[in-house]
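Visitor:
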Ligand SMILES: C[S@@+](CC[C@H](N)C(=O)[O-])C[C@H]1O[C@@H](n2cnc3c(N)ncnc32)[C@H](O)[C@@H]1O
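In the numbering used here, the protein residues as written are 678 to 891.
1. By DSSP's criteria, residue 719 is part of a beta bridge. Which residues make up the other side?
2. Taking contact to mean 3 or more Cβ pairs, one atom from each stretch, closer than 8 angstroms, check whether the region 680 to 689 and the region 710 to 726 are in contact.
3. Kindly indicate which residue of 764, 793, 803 and 763 has the alpha-carbon position closest to the one of residue 776.
4. Residue range of the beta strand (DSSP E) that residue 793 falls in?
5. Suppose you measure from the CA of residue 792 to the CA of residue 704; what does that come to, to the nearest Å?
6. Would you mind giving the Cβ-Cβ distance between residue 723 and residue 698, rounded to the nearest angstrom? I have them listed as a contact below 8 angstroms.
7. Quick one, are the C-beta atoms of residue 879 and residue 833 less than 8 angstroms apart?
8. Spell out the partners DSSP gives residue 743 in its beta bridges.
9. With distance defined between alpha-carbon atoms, name the residue in 683, 732 and 693 nearest to residue 701.
10. Tell me the residue span of the alpha helix (DSSP H) that contains residue 871.
11. Taking the C-alpha atoms as reference points, what is the distance between residue 678 and residue 736?
12. Looking at the unbroken beta strand (DSSP E) that takes in residue 786, where does it start and where does it end?
13. Inspect the CB distances between the region 857 to 872 and the region 834 to 844 and report whether three or more fall short of 8 angstroms.
Printed below as a string of structure tokens:
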């Protein structure tokens, strides 16, 4: 049975990869869903804490999965062609990506917040964003597909997402964000008000004009 839209979508992005590392695997559902659908051959479940790692290994007991107790990538001693880092804050994911191994791999990142910070840090660390997706399942979840390489991103790209800003399914997310910023701008300090005005301008520019047929 399908877990939820976010887990299913993350798993669907693993189609065709051989060995997949799940950093912070917790319950192990992403790898489980990928195996159930025959998307991947081998898994590495990792977590910084023992309890969640045990939980993953229990979920994944029928599949070829190795469990590794690891802070991010630090204790990962095996190569993988794709890694998932999902369900964490952008600051934590950005810190973990500082220690990503140098071999070629695709990273599927889903931060819960502050996507602009994650995009900026990835850019500084020498990663490029290949694509972005959004899934709505009560909350909006933004998923970035990333690999090593260089990419020029404008401030607008960092804020809206270089690929997401062109996707129709992101419009409800941007609309919600715009409303939120408009609601709080009057209560903010001068510095923050300046930033918020810029963010509102980016959002208004990328949203279709009311009454337009786009
Ligand atoms: C909210 S859960 C997300 C689980 C799963 N990835 C998902 O998207 O549903 C976050 C998991 O990340 C783990 N975690 C937190 N910091 C970590 C780190 N530095 N390295 C590895 N795992 C970490 C936590 O122990 C927890 O199991």
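Even for Gly, the Cβ is constructed at its ideal location relative to N, Cα and C.
Guide: Reading off the structure:
1. 696.
2. Put simply, the region 680 to 689 touches the region 710 to 726. At least three CB pairs are less than 8 angstroms apart.
3. Looking at the Cα atoms, 803 is the closest of the given residues.
4. From DSSP, residue 793 is part of no beta strand (DSSP E) but of the alpha helix (DSSP H) over 792 to 801.
5. Computed Cα separation, rounded: 24 angstroms.
6. In this structure, residue 723 and residue 698 form a Cβ contact; the two beta carbons are roughly 7 angstroms apart against a cut-off of 8 angstroms.
7. Yes, Cβ-Cβ distance for residue 879 and residue 833 is below 8 angstroms.
8. Its beta-bridge partners are 721.
9. Checking every option, the nearest Cα to that of residue 701 belongs to 732.
10. Boundaries of the alpha helix (DSSP H) around residue 871: 867 to 883.
11. With a pLDDT of 47 at residue 678, under the threshold of 50, the modelled position of this residue cannot be trusted, and the question is left open.
12. Segment 783 to 788, the beta strand (DSSP E) holding residue 786.
13. Segments in contact, no.
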